[in-house]
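Here the working numbering is used: the first residue of the sequence shown is 14, the next is one more, and so on. All residues carry an ideal CB built from backbone N, CA and C; glycine is no exception.
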Amino acid sequence: MGQTSSIKDHFAAPDFAALLHAQLEDARQTWGLKYVALAELSLGPLPLSPTWRATTGTGPFDEPPARDLFEEHSDDEPRASSVAMTYGPDSDVLVTALRVAPRLASHADAVLLLAPASVIPTDTFLQLLEVLERALSRQRSSELAAILAAAAEQAADPLELSDPQGRLFYVNSAWERFTGYERAEALGRTAGAIFRDPIESLHDPAFYQYAMAELHAGRSWMGAISGNVKGGRRVFGEANVAPFEAPSAGLRGHVAVRRDMVHRTERDHALVAAHREFRAVLSAIADGVCVLRDERIYFTNATFLAIVGLSEEELVGRSFVDLVHEEDRAAYSEAGEARVARVRVSRAGSSPRFVEISSAGRVSFEGWPATILLARDTTDYQVAREELARAEKLSALGSLAAGVAHEINNPLAYVALNLELLREHGASALAEPEREALEEALEGVARIRNIASELHTFSGKDEPGEPVAVDVSRALTSALNMAQNEIRHRAALVREMEPGLFALGREGQLVQVFVNVLINAAQAIPKSSAREPTIRVASRLLADGEVEVSVTDTGIGIPESALPQLFDPFSTTKLRGDGAGLGLAICKRILDDLGGHIAIQSELGQGTTVTITLPEAVPAALASTPPQPSYRRIVTRALRILVVEDERPIARALERMLASHDVTLAHDGARALALLRASKRFDVVLCDLMMPGMTGADLYRQAVEEAPELRARFVFMTGGAVTPDTKEFIDASVGQVLWKPFTPGAVWDCIQRVAGRAEEQRSARAALGGPSTK
Numbered sequence: 014m015g016q017t018s019s020i021k022d023h024f025a026a027p028d029f030a031a032l033l034h035a036q037l038e039d040a041r042q043t044w045g046l047k048y049v050a051l052a053e054l055s056l057g058p059l060p061l062s063p064t065w066r067a068t069t070g071t072g073p074f075d076e077p078p079a080r081d082l083f084e085e086h087s088d089d090e091p092r093a094s095s096v097a098m099t100y101g102p103d104s105d106v107l108v109t110a111l112r113v114a115p116r117l118a119s120h121a122d123a124v125l126l127l128a129p130a131s132v133i134p135t136d137t138f139l140q141l142l143e144v145l146e147r148a149l150s151r152q153r154s155s156e157l158a159a160i161l162a163a164a165a166e167q168a169a170d171p172l173e174l175s176d177p178q179g180r181l182f183y184v185n186s187a188w189e190r191f192t193g194y195e196r197a198e199a200l201g202r203t204a205g206a207i208f209r210d211p212i213e214s215l216h217d218p219a220f221y222q223y224a225m226a227e228l229h230a231g232r233s234w235m236g237a238i239s240g241n242v243k244g245g246r247r248v249f250g251e252a253n254v255a256p257f258e259a260p261s262a263g264l265r266g267h268v269a270v271r272r273d274m275v276h277r278t279e280r281d282h283a284l285v286a287a288h289r290e291f292r293a294v295l296s297a298i299a300d301g302v303c304v305l306r307d308e309r310i311y312f313t314n315a316t317f318l319a320i321v322g323l324s325e326e327e328l329v330g331r332s333f334v335d336l337v338h339e340e341d342r343a344a345y346s347e348a349g350e351a352r353v354a355r356v357r358v359s360r361a362g363s364s365p366r367f368v369e370i371s372s373a374g375r376v377s378f379e380g381w382p383a384t385i386l387l388a389r390d391t392t393d394y395q396v397a398r399e400e401l402a403r404a405e406k407l408s409a410l411g412s413l414a415a416g417v418a419h420e421i422n423n424p425l426a427y428v429a430l431n432l433e434l435l436r437e438h439g440a441s442a443l444a445e446p447e448r449e450a451l452e453e454a455l456e457g458v459a460r461i462r463n464i465a466s467e468l469h470t471f472s473g474k475d476e477p478g479e480p481v482a483v484d485v486s487r488a489l490t491s492a493l494n495m496a497q498n499e500i501r502h503r504a505a506l507v508r509e510m511e512p513g514l515f516a517l518g519r520e521g522q523l524v525q526v527f528v529n530v531l532i533n534a535a536q537a538i539p540k541s542s543a544r545e546p547t548i549r550v551a552s553r554l555l556a557d558g559e560v561e562v563s564v565t566d567t568g569i570g571i572p573e574s575a576l577p578q579l580f581d582p583f584s585t586t587k588l589r590g591d592g593a594g595l596g597l598a599i600c601k602r603i604l605d606d607l608g609g610h611i612a613i614q615s616e617l618g619q620g621t622t623v624t625i626t627l628p629e630a631v632p633a634a635l636a637s638t639p640p641q642p643s644y645r646r647i648v649t650r651a652l653r654i655l656v657v658e659d660e661r662p663i664a665r666a667l668e669r670m671l672a673s674h675d676v677t678l679a680h681d682g683a684r685a686l687a688l689l690r691a692s693k694r695f696d697v698v699l700c701d702l703m704m705p706g707m708t709g710a711d712l713y714r715q716a717v718e719e720a721p722e723l724r725a726r727f728v729f730m731t732g733g734a735v736t737p738d739t740k741e742f743i744d745a746s747v748g749q750v751l752w753k754p755f756t757p758g759a760v761w762d763c764i765q766r767v768a769g770r771a772e773e774q775r776s777a778r779a780a781l782g783g784p785s786t787k
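Written out as structure tokens, the structure is:
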């Protein structure tokens with residue numbers, strides 16, 4: 014063994030000290046002890062583990078010697094363990110468990126490795142370390158064996174160990190449940206004897222011969238085995254058999270893991286059926302369903318496919334976020350897993366859809382973690398809400414327009430009447446500059462009258478429920494006047510409108526459609542252009558009997574990719590803030606309702622043409638035009654006329670215009686009713702419809718109830734702001750209607766018509782010999 018040297022001689026070397034310290038600390042942790050030390054009986058403690066030194070305060074070569082420090086109790090079984098293990102015939106090393114001396118009584122047991130020689134040679138000590146390492150390894154192997162045994166016993170699948178002859182020497186609890194045999198009944202028997210019925214073999218002998226040949230050759234074998242077990246119960250299982258060898262334990266044989274495929278197949282079938290049923294439920298849901306795995310689409314139902322306009326093959330595997338509109342992705346992400354978000358989702362070949370996304374968070378779908386999203390298409394609701402808001406806005410605008418028209422028409426009525434009277438009776442006395450000023454004032458009145466009329470038409474307050482014959486040129490002219498402010502600063506306007514065209518529709522709605530198309534055309538023309546900016550408005554009658562209206566601009570044009578979506582709600586090519594994208598959608602809905610059509614042709618950089626077609630209509634006045642009697646020739650006497658008007662300037666202007674007749678003024682309905690009760694001899698009643706207190710309609714009903722002959726003598730005046738009740742009254746009334754601002758000629762025509770009819774009735778009564786009283 015070479016020159017003998019003491020451990021002390023080598024302990025000073027750093028590598029030697031580190032090695033020894035590591036071995037001692039490893040032993041302490043492996044055996045679950047507090048302290049480990051190595052000592053020579055005659056020299057006291059030598060190397061100590063770090064835990065020893067930290068606790069006792071003693072280090073290498075410190076005094077007192079080991080026997081004073083410890084009380085050895087190797088022969089005292091109750092107080093301490095006896096000799097635990099002895100390794101090797103030559104090492105003479107004892108591993109003895111000692112209880113520490115009183116000064117260490119508060120700590121757990123320690124281990125002292127004792128050497129009998131006064132000096133331990135280095136090579137002997139190295140052998141000691143090797144023995145210590147083997148002891149540690151064996152301790153760990155013992156612990157691992159216990160762990161493996163517990164794991165095998167608790168395994169869910171049947172497990173068996175057999176010797177080379179196939180005799181079982183271990184089975185676990187799952188094996189007992191699978192076969193019905195208790196462990197004591199199975200050990201020593203072969204698996205074939207247990208799983209094979211000796212009377213009726215379920216497998217051909219060649220089957221078993223092949224399996225055994227594979228195992229004897231040292232190869233694994235796996236296959237399905239049927240058999241009858243205890244009680245004649247038939248089992249069907251999958252067996253995975255492999256050879257094993259444990260030289261240290263002197264064992265070899267085979268390990269087999271069996272799996273009950275009957276129960277597994279039943280479970281698998283039930284699981285597959287459950288998955289199929291769950292898919293069927295998700296497919297039947299009216300809302301869109303999208304199942305995500307790691308934010309990628311794994312499954313969708315037909316409703317979701319319809320929302321996005323893609324097939325399942327195009328959709329599965331894509332990231333769901335890719336479908337969310339760029340501007341809405343932040344809101345979708347912020348919602349988190351249990352998300353409820355309202356976003357726009359891209360739709361193939363169309364404009365985005367408004368979708369409400371909701372999720373219950375993470376779930377298990379077909380055995381995998383997943384997120385199920387429910388997608389409700391709210392586009393129609395959004396459209397309806399926006400259209401309702403727009404309709405309310407238009408209704409408010411219409412009411413405002415009608416109110417403005419009414420407020421304009423009332424003062425305009427007496428201004429116009431007075432200017433007409435001045436021209437008729439006093440123009441000859443005016444100098445030429447004054448006559449020119451008068452004519453210019455009358456032109457201004459006419460222009461204001463046209464604007465007020467267009468406001469009234471745009472409001473749609475007097476439109477009938479059913480479509481009627483609408484003068485297309487008049488509707489286009491109204492729309493052009495209303496859009497003139499947008500057009501005049503952008504483009505030259507070219508009119509190519511064929512006169513005398515009538516289309517089936519509602520004038521107010523058609524004006525709205527034309528205004529929308531004209532404003533779009535104007536806004537499509539850039540501020541600077543190499544070509545002369547032009548908007549051309551044309552109308553014509555087509556060969557198939559339809560009326561066509563076209564608006565062509567020389568603007569920037571529309572990309573071809575955007576054309577299919579132009580009539581979709583919220584689709585717009587304008588900048589943010591220039592429109593919500595509902596204009597053309599509403600125009601299309603109006604025209605569809607009227608049996609019309611709208612089409613758009615555009616070339617990028619060249620311009621756009623919008624073509625509107627409507628069914629032709631023949632106005633009732635043209636279809637039947639009975640001759641109108643000339644009441645001017647019939648009525649030659651002075652008439653008694655009652656003027657009922659709360660606007661005093663209008664009443665006075667009418668009084669001046671009708672100065673050749675007997676005119677009585679009443680500025681409210683109650684006063685007029687009193688006059689009519691006092692005298693039924695008025696030939697004509699010029700009555701304003703909208704008055705505070707008693708309205709013109711109320712006055713008419715009360716007067717006619719008391720004197721039915723007054724029914725045909727009323728002429729109603731209105732500035733346009735009528736309530737639904739008043740409008741219904743006008744439609745049902747037999748009286749004449751004068752729309753403010755009216756001309757003297759229109760007033761005379763109504764008076765002559767009413768008075769002429771009364772004159773004819775009197776003449777007829779006189780011819781029959783009846784009374785001729787007024």
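So the candidates are the options; which of them puts its Cα closest to the Cα of residue i?
i      : options                           : result
LEU489 : GLU660, ARG398, LEU514 and ALA165 : LEU514
VAL334 : VAL760, GLU629, GLN614 and LEU305 : LEU305
ARG309 : GLU325, ASN529 and ALA164         : GLU325
LEU597 : ASN533, GLU173 and GLY245         : ASN533
GLY374 : THR392, TYR394 and VAL353         : VAL353
ARG508 : LEU523, ARG487 and GLY521         : ARG487
PRO480 : ALA315, ASP176 and GLU629         : GLU629
ASN253 : ALA315, ASN431, VAL270 and ALA163 : VAL270
GLY201 : LEU174, THR192 and TRP188         : LEU174
ILE743 : MET235, LEU576 and TYR713         : TYR713
ARG684 : GLY205, LEU157, PHE249 and VAL657 : VAL657
ASP170 : GLY250, ARG272 and ALA164         : ARG272
ALA672 : LEU627, ILE599, PRO757 and GLU499 : PRO757
GLN614 : SER574, ASP606 and ASP605         : SER574
Residues in its own chain within less than 6 Å of residue i by CB, not counting five upstream and five downstream?
i      : result
ARG247 : ASN241
PHE378 : VAL304
TYR194 : LYS243
Measuring only the C-alpha atoms, how far is residue i from residue j?
i      : j      : result
SER372 : PHE312 : 15 Å
ILE569 : GLU339 : 26 Å
ILE370 : ILE385 : 10 Å
VAL321 : PRO382 : 24 Å
PRO572 : PRO365 : 17 Å
THR731 : GLY620 : 44 Å
MET707 : ASP681 : 7 Å
THR622 : LYS601 : 15 Å
ASN494 : ILE461 : 12 Å
SER552 : ASP484 : 11 Å
Buried or exposed: residue i, going by 16 or more other Cβ atoms within 10 Å of its Cβ?
i      : result
SER441 : exposed
PHE182 : exposed
VAL302 : buried
ALA496 : buried
ASP738 : exposed
GLY609 : buried
GLU433 : buried
Might you give, ordered along the chain, the residues of its own chain that have their beta carbon closer than 8 Å to the beta carbon of residue i, omitting 5 neighbours on each side?
i      : result
PRO446 : none
ASP675 : ALA651, LEU652, ARG653 and ILE654
ARG544 : THR567
ARG360 : ILE320, VAL321, GLY322 and ARG366
Name the one or two DSSP bridge partners that residue i has.
i      : result
PHE727 : VAL698
ASP390 : VAL368
ILE385 : VAL304
ILE613 : VAL623
For residue i, which residues of its own chain have a beta-carbon under 7 Å away from its beta-carbon, when the five flanking residues on both sides are left out?
i      : result
SER186 : GLU166
VAL356 : VAL337, HIS338, ASP341, ALA344, TYR345, VAL368 and ILE370
TRP234 : ALA224, GLU227, LEU228 and VAL254
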